[in-house]
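Numbering (my numbering), first residue to last: 32 to 132.
Quick notes on the structure that follows.
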Amino acid sequence: MSATPAASPRLRARSLQRTLVSAGVLATIVVLTVVSFLAWRTARSYLARDADARLADIAQRSAALVGLYLHERRAELELVASGPDVAGAVAAGGAEAVRRG
Numbered sequence: 032m033s034a035t036p037a038a039s040p041r042l043r044a045r046s047l048q049r050t051l052v053s054a055g056v057l058a059t060i061v062v063l064t065v066v067s068f069l070a071w072r073t074a075r076s077y078l079a080r081d082a083d084a085r086l087a088d089i090a091q092r093s094a095a096l097v098g099l100y101l102h103e104r105r106a107e108l109e110l111v112a113s114g115p116d117v118a119g120a121v122a123a124g125g126a127e128a129v130r131r132g
């Protein structure tokens with residue numbers, strides 16, 4: 032049995048409707064893909080810059096703490112080295128070295 036002449040325009044209309052819907056869905060997918068990619072790149076760039084800034088800040092703080100620690104240890108060492116016990120031990124060690132030749 033063949034399709035009636037009235038059914039042919041309906042089939043064409045449905046075919047056109049399917050084509051338009053498919054094109055709309057495809058266009059929407061393309062737009063969403065592009066927007067998602069751009070958002071991902073922007074977020075990645077921002078997060079990388081933020082991580083670099085935080086790491087630089089942590090490195091500066093760590094360097095300051097190490098410098099302070101070394102300064103304090105040097106001050107303690109100078110204090111101990113200037114004491115009379117150390118001076119006496121140095122003199123005794125020097126005399127012993129001279130005696131041994």
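The beta carbon of each residue, even a glycine, is placed where N, CA and C say it ideally should be.
Listed in chain order, the non-local C-beta contacts of G98 below 7 Å within the same chain number zero, local neighbours out to five positions each way being set aside.
DSSP places G132 in no alpha helix (DSSP H); its state is neither H nor E. In the three-state DSSP reduction, G55 falls in the helix class (H, G or I). Shown here, G119 sits in a helix according to DSSP, grouped into three states. Spanning the alpha carbons of R131 and A118 requires a straight line of approximately 20 Å.
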